[in-house]
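Colleague:
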Amino acid sequence: MVDKESKGISIEMSEKEGFENNGFIQSEGVEGMEAEAVSQEALPKLCAVGMDLGPMQELTLRPYAGMPKEVLLQFSTQARYRVTREILFWLIIAASLVLLAATVAIIVMSPKCLGWWQASPIYQIYPRSFKDTNKDGNGDLKGIQEKLDYVQYLNIKTIWITSFYKSALQDFGYGIEDFQDIDPMFGTMKDFEILVAAIHDKGIKVIMDLIPNHTSDKHKWFQLSRNRTGKYTDYYIWHDCVQVNGRTIPPNNWSWVYEKGEDDDDDDDDDDDDDDDDDYWLSYALPVSIMGNSSWQYDDVRKQCYFHQFGKEQPDLNFRNQNVQEEIHDVIRFWLGKGIDGFSINTVKFLLEATHLRDEPQVNKSQNPDSITAYSELYHDYTTTQVGMHDIVRSFRHTMDKFMGTEANDHDIKRTMKYYGTSFIQEADFPFNLHLTNMQEISGNAIFETVALWMKNMPQGKWPNWAVGGPNIARVSSRVGKEYTNVINMLLLTLPGTPTTYYGEEIGMEDVTSETAAFPEKSPMQWDDGHHSGFTEGNSTWLPINPAYPNMNVQVQQSQSNSTLNLYRELSLLRNNELPIQRGWMCYIWNDSDVFVYVRELDGLDQVFMMILNFGQETTTDLQALVPELPSKVVTKLSTNSSNNGKDINTKSIKTGKGEGLILEYRTSKPVHKMETFTEKCFVAEKACYSSAFNLLYMYC
Ligand SMILES: [Ca+2]
Ligand SMILES: [Ca+2]
Numbered sequence: 002m003v004d005k006e007s008k009g010i011s012i013e014m015s016e017k018e019g020f021e022n023n024g025f026i027q028s029e030g031v032e033g034m035e036a037e038a039v040s041q042e043a044l045p046k047l048c049a050v051g052m053d054l055g056p057m058q059e060l061t062l063r064p065y066a067g068m069p070k071e072v073l074l075q076f077s078t079q080a081r082y083r084v085t086r087e088i089l090f091w092l093i094i095a096a097s098l099v100l101l102a103a104t105v106a107i108i109v110m111s112p113k114c115l116g117w118w119q120a121s122p123i124y125q126i127y128p129r130s131f132k133d134t135n136k137d138g139n140g141d142l143k144g145i146q147e148k149l150d151y152v153q154y155l156n157i158k159t160i161w162i163t164s165f166y167k168s169a170l171q172d173f174g175y176g177i178e179d180f181q182d183i184d185p186m187f188g189t190m191k192d193f194e195i196l197v198a199a200i201h202d203k204g205i206k207v208i209m210d211l212i213p214n215h216t217s218d219k220h221k222w223f224q225l226s227r228n229r230t231g232k233y234t235d236y237y238i239w240h241d242c243v244q245v246n247g248r249t250i251p252p253n254n255w256s257w258v259y260e261k262g263e264d265d266d267d268d269d270d271d272d273d274d275d276d277d278d279d280d281y282w283l284s285y286a287l288p289v290s291i292m293g294n295s296s297w298q299y300d301d302v303r304k305q306c307y308f309h310q311f312g313k314e315q316p317d318l319n320f321r322n323q324n325v326q327e328e329i330h331d332v333i334r335f336w337l338g339k340g341i342d343g344f345s346i347n348t349v350k351f352l353l354e355a356t357h358l359r360d361e362p363q364v365n366k367s368q369n370p371d372s373i374t375a376y377s378e379l380y381h382d383y384t385t386t387q388v389g390m391h392d393i394v395r396s397f398r399h400t401m402d403k404f405m406g407t408e409a410n411d412h413d414i415k416r417t418m419k420y421y422g423t424s425f426i427q428e429a430d431f432p433f434n435l436h437l438t439n440m441q442e443i444s445g446n447a448i449f450e451t452v453a454l455w456m457k458n459m460p461q462g463k464w465p466n467w468a469v470g471g472p473n474i475a476r477v478s479s480r481v482g483k484e485y486t487n488v489i490n491m492l493l494l495t496l497p498g499t500p501t502t503y504y505g506e507e508i509g510m511e512d513v514t515s516e517t518a519a520f521p522e523k524s525p526m527q528w529d530d531g532h533h534s535g536f537t538e539g540n541s542t543w544l545p546i547n548p549a550y551p552n553m554n555v556q557v558q559q560s561q562s563n564s565t566l567n568l569y570r571e572l573s574l575l576r577n578n579e580l581p582i583q584r585g586w587m588c589y590i591w592n593d594s595d596v597f598v599y600v601r602e603l604d605g606l607d608q609v610f611m612m613i614l615n616f617g618q619e620t621t622t623d624l625q626a627l628v629p630e631l632p633s634k635v636v637t638k639l640s641t642n643s644s645n646n647g648k649d650i651n652t653k654s655i656k657t658g659k660g661e662g663l664i665l666e667y668r669t670s671k672p673v674h675k676m677e678t679f680t681e682k683c684f685v686a687e688k689a690c691y692s693s694a695f696n697l698l699y700m701y702c
């Protein structure tokens, strides 16, 4: 009872006046120090129950820490506390919404980050020629692993290893015997797994070839198909062939792809059962109608002809058979499981053929059909780019969901662009662009036209790419002259889009033209001036090494400030570091028979890079007459002649020599892409502007 009574008294007191709790007293009307003084004075009075409180009646009770819940609840309903609480609540809600909206706005307005396949150049390695580690004279997977530091040294973060599938090496790795195995020449699957892990450890991505159109005739599927075994019966394209006087007559005039002089090798490694090789290649000259270079080959086992777009050892798979398509999807999944980051799909336009088997139209209508011997004498309307082919490629894309490039190299650029897909359907990230390698002549005008051809035809919002070399393409130094090697690399690494560099182009390697060199652009990499150029410690190399290697190799060029290698490194670094070059606008400024001039700019940045590249003879260019408000003096950021780096140059009269390239840098508030006169001459792939204040890129500006 006593307890209950005293509790009641306490509550009554607290409702009326102040209250003591652990030495704290709350009292309205007395602030700060004053309140503290009052508290000390009031303390004894408040402790006496039932006493006259006198002046303390004026003190108003306020909530304080430790106040009992029941009392506190009475305060919480008072308007001054409730309103304050509600205001604070809504302020917090509003602030959260503002923050959320700002975050969404920044995400929406910021351009997507460049994919790894956009951010870095691609370094294409032909594995047999890169580096040998087991002294057999053939490059191997361990050799690539050994040289990963070099790839990093080049400021490159993507490598493309060309075909290393198990193959009898007919057509050099493109006649595959097993899609899920590695040719023993290159190493084992374990070696591959270790290599991929090592590549990823260094922050590098790796892509590989996918060659779905055909297999080797030694592939088990073909063996099963020629014996009409179960589902494999229709894995290839079989057709009856008519026999006339003991001679096989093909079903139509379709011919296989053979470019004269391309493949007259007598390679020791691969002709164990091709005793009739010479006859085989000679038969190319025979008319298609009598199986000269007919794409049909009679098979003694099945007593039918099979179809091959390439050599007779590479029968075409039947992509109208769903089982075959599924097999290739399995191949994709297999390599993705091994850690591959993407694929380059080879010879895609050949995937499907017409089922009606009509003769392909002749280029020269009046030519006697029996005299047709060459692939180029026919239009390949029924054996390339057939309806349904893109659906298959898109299904590959769907399965891989990683980087996909296609090697189409169609002469019709509009057909090539179809591999980009549409705004709604993603196909390839890009079809590889080999137009710069197909050029018959080199000049400022020719380079401009080749660049503009791609830019003009590429669908909006897609990403360009460029290559200046590759397997089966003569090296730059040999194709256009070594005096242009540096300026071509400068072009490659300053154009918008992804550059692809074929191994050795970064040191200006040349074709090997000796009589024994069947593949001049595939000669072993020149690492140093030692034994076999550092390529192998063995006694021989599978192809001759370029005799120029003592003075043209990685090691020697590393020590020369003005070398092709050092320029390449500077260029790749510039591309990595400078946003305008990586993802900015490109505007054509000028082209003539000698020079091609363009700028790279980014909205929001007042920085301009201007490239003056000479693909002809010595000339002088007046840039002031071409670009209004161009500063009269600008600095040379990078030159093919490193002694000019950092020097000022007079823009009224810029002299460039044969094969010389200059990258000028200047600042302006009037970038070229905002000038009316250049509206039609500017292009941007991933629209973005930059705010230096916030260090942010924006898409809508
Ligand atoms: Ca080897
Ligand atoms: Ca085919």
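Sequential numbering from 2 applies to the sequence shown in the working numbering.
Don't be surprised by glycine CBs; every beta carbon is placed ideally from N, CA and C.
Fair warning: this is a prediction, and the values are worked out from it, not measured in the lab.
#1: For the candidate residues Q461, P64 and F335, whose alpha-carbon lies nearest to that of F684?
#2: I'd like to know whether the C-beta atoms of Y124 and V152 end up nearer to each other than 7 Å.
#3: Can you tell me where the beta strand (DSSP E) holding M587 begins and where it ends?
#4: Does the pairing of the stretch 551 to 563 with the stretch 494 to 511 give three or more beta-carbon distances under 8 Å?
#5: D360: beta carbon under 6 Å from a heavy atom of ligand 2?
#6: Could you check whether P525 and S130 sit closer than 7 Å to each other, using their CB atoms as the reference points?
#7: Could you tell me which of S644, S692, S562 and K656 sits nearest to L603, measuring between CA atoms?
#8: Going by CA-CA distance only, name the one from K313, V596, F616 and P632 that's closest to E622.
#9: Pull up the DSSP beta-bridge partners for N651, would you.
#10: With a cut-off of 8 Å, do at least 3 Cβ pairs link the stretch 383 to 393 to the stretch 353 to 360?
#11: Name the one or two DSSP bridge partners that K403 has.
#12: Using the rule of at least 16 other Cβ atoms within 10 Å of the residue's Cβ for burial, across every protein chain shown, is I108 buried or exposed?
#13: By Cβ distance, which residues of its chain are closer than 6 Å to M713, with the 5 residues on each side in sequence left out?
#14: Check this for me: beta carbons of I546 and S564, under 7 Å apart or not?
#15: Please report the distance separating the alpha-carbon of E687 from that of M491.
#16: Between which two residues does the alpha helix (DSSP H) containing S121 stretch?
#17: If you follow the alpha helix (DSSP H) that R359 is in, where does it begin and where does it stop?
#18: With S345 and L544 assumed to form a contact (beta carbons below 8 Å), what rounded beta-carbon distance in angstroms separates them?
#19: So, for T542: in the same chain, excluding its five sequence neighbours on each side, which residues have a beta-carbon less than 7 Å away from its beta-carbon?
#20: Look at the Cβ atom of G144, then the Cβ atom of D133, and state whether they are nearer than 7 Å.
#21: Given a threshold of 16 other Cβ atoms within 10 Å of its Cβ, counted over all protein chains shown, does G343 qualify as buried or as exposed?
#22: Check whether the Cβ of D402 sits closer than 6 Å to any heavy atom of ligand 1, and report yes or no.
#23: Leaving out five residues on either side along the sequence, give the residues of the same chain with a beta carbon under 8 Å from the beta carbon of L283.
#24: Use the C-beta contact count for L196: other C-beta atoms within 10 angstroms, 16 or more gives buried, fewer gives exposed.
#25: Would you list the residues whose beta-carbon is nearer than 7 Å to any heavy atom of ligand 2, in the order they occur in the chain?
#26: Confirm the yes/no value for this check: CB of D141, any heavy atom of ligand 1, distance under 6 Å.
#27: Whose C-alpha, out of H240, R227, K219 and Y299, is nearest the C-alpha of G247?
#28: Kindly indicate the opening and closing residues of the alpha helix (DSSP H) around S562.
#29: Please work out which residues of its chain come closer than 8 Å, Cβ to Cβ, to S217, disregarding the five sequence neighbours upstream and downstream, and give them in chain order.
#30: With a threshold of 7 Å on Cβ separation, who are the neighbours of V452 within its own chain once the five nearest residues in sequence on each side are excluded?
#31: Check for me: the alpha helix (DSSP H) holding E450 runs from which residue to which?
#32: Ligand 1 and D192: does any heavy atom of the ligand fall closer than 6 Å to the residue's C-beta?
#33: Report all residues from its chain with a CB closer than 7 Å to the CB of I162; omit the five preceding and five following residues, and keep chain order.
#34: Please list, in chain order, all residues of the same chain as S226 whose beta carbon is under 7 Å from its beta carbon, the five residues on each side excluded.
#35: Quick one: what's got a C-beta closer than 6 Å to P213's C-beta in the same chain, skipping five residues either side?
#36: For P581, which residues in the same chain have their Cβ closer than 8 Å to its Cβ, ignoring the five residues on either side in sequence?
Modeller: Inspection of the coordinates gives the following:
#1: In the sequence shown, the residue the question calls residue 684 occupies position 683. Checked all of Q461, P64 and F335; the closest Cα to F684 is Q461.
#2: Reading the sequence shown from its first residue, position 123 is the one you call residue 124. Reading the sequence shown from its first residue, position 151 is the one you call residue 152. Yes. Within cutoff.
#3: Numbered from its first residue, the sequence shown carries residue 587 at position 586. Start and end: W586 to N592.
#4: Taking one beta carbon from each stretch, the stretch 551 to 563 and the stretch 494 to 511 have 3 or more pairs nearer than 8 Å; the two touch.
#5: Walking along the sequence shown from the start, residue 360 turns up at place 359. No - ligand 2 has no heavy atom lying nearer than 6 Å to the Cβ of D360.
#6: Counting from 1 along the sequence shown, the entry for residue 130 is found at position 129. Counting from 1 along the sequence shown, the entry for residue 525 is found at position 524. Cβ distance < 7 Å, so S130 and P525 count as in contact.
#7: Sequence index remark: in the sequence shown, residue 603 carries index 602 (1-based). Checking every option, the nearest Cα to that of L603 belongs to S692.
#8: For the purposes of this step, residue 622 is taken as the residue at position 621 of the sequence shown. With the sequence shown as reference, residue 622 is identified as Thr, and Glu is not the correct amino acid for it. Closest option to T622, Cα to Cα, is V596.
#9: By one-based count along the sequence shown, residue 651 stands at place 650. Paired residues: K634.
#10: Taking 8 Å as the limit for Cβ pairs, the verdict is that the stretch 353 to 360 does touch the stretch 383 to 393.
#11: The sequence position of residue 403 within the sequence shown is 402, counting from 1. Per DSSP, none; premise fails for K403.
#12: Numbered from 1 along the sequence shown, position 107 holds the residue referred to as residue 108. By the neighbour-count criterion, in which 16 or more other beta carbons inside 10 Å mark a residue as buried, I108 falls on the exposed side.
#13: Not covered by the structure: residue 713. The range shown for the chain is 2 to 702.
#14: Walking along the sequence shown from the start, residue 546 turns up at place 545. Walking along the sequence shown from the start, residue 564 turns up at place 563. Going by C-beta atoms, I546 is not nearer than 7 Å to S564.
#15: Along the sequence shown, read from residue 1 onward, the residue named residue 687 stands at position 686. Along the sequence shown, read from residue 1 onward, the residue named residue 491 stands at position 490. E687 and M491: Cα-Cα distance of roughly 21 Å.
#16: Against the sequence shown, residue 121 aligns to sequence position 120. Counting along the chain, S121 falls outside any alpha helix (DSSP H), and DSSP gives it neither H nor E.
#17: For the purposes of this step, residue 359 is taken as the residue at position 358 of the sequence shown. Element bounds for R359: n/a, residue is neither H nor E.
#18: On the sequence shown, position 344 is the one that residue 345 refers to. On the sequence shown, position 543 is the one that residue 544 refers to. Contact doesn't hold; Cβ gap of about 23 Å is too wide.
#19: Locating residue 542 in the sequence shown gives position 541, counting from the first residue. These residues qualify, in order along the chain: G138, P525, H533 and F536.
#20: Against the sequence shown, residue 144 aligns to sequence position 143. Against the sequence shown, residue 133 aligns to sequence position 132. Contact: yes.
#21: Counted from its first residue, the sequence shown places residue 343 at position 342. Result: buried.
#22: Counting from one through the sequence shown, the residue named residue 402 turns up at place 401. Not so, every heavy atom of ligand 1 lies at least 6 Å from the Cβ.
#23: Looking up residue 283 in the sequence shown gives position 282. With a pLDDT of only 45 at L283, under the threshold of 50, the placement of this residue in the model should not be trusted, and no figure is reported.
#24: Here residue 196 refers to the residue found at position 195 when the sequence shown is read from its first residue. With 16 or more other Cβ atoms inside 10 Å of its own Cβ, L196 counts as buried.
#25: These are the residues, in chain order, with a beta carbon less than 7 Å from any non-hydrogen atom of ligand 2: N214, H215, Q310, D317, L318, F320, F351, L352, L353 and E354.
#26: Locating residue 141 in the sequence shown gives position 140, counting from the first residue. Yes, the Cβ of D141 comes within 6 Å of a heavy atom of ligand 1.
#27: Position 246 of the sequence shown, counted from the first residue, corresponds to residue 247. Of H240, R227, K219 and Y299, the residue nearest in Cα terms is Y299.
#28: For the purposes of this step, residue 562 is taken as the residue at position 561 of the sequence shown. Run containing S562: none; DSSP gives neither H nor E here.
#29: Along the sequence shown, read from residue 1 onward, the residue named residue 217 stands at position 216. Correct list, in chain order: S168, A169, Q171, G176, I177, E178, F223, E314 and Q315.
#30: Within the sequence shown, the letter at position 451 stands for residue 452. Result list for V452: L496, in chain order.
#31: As a working note, residue 450 is residue 449 in the sequence shown. G445 to N458 is the extent of the alpha helix (DSSP H) around E450.
#32: On the sequence shown, residue 192 is found 191 positions in, with the first residue counted as 1. The answer is no for D192.
#33: Mapped onto the sequence shown, residue 162 falls at position 161. By the criterion of a C-beta distance shorter than 7 Å, I162 is surrounded in its chain by I126, P128, I145, V207 and M209, once the five residues flanking it on both sides are discounted.
#34: Within the sequence shown, residue 226 is the residue found at index 225, counting from 1. These residues qualify, in order along the chain: Y233, T234, Y236 and Y237.
#35: Working through the sequence shown from its first residue, we reach residue 213 at position 212. Around P213: I329.
#36: If you number the sequence shown from 1, residue 581 lands on position 580. Excluding sequence neighbours, P581 sits near R601, E602, L603, L606, Q608, V609 and F610.
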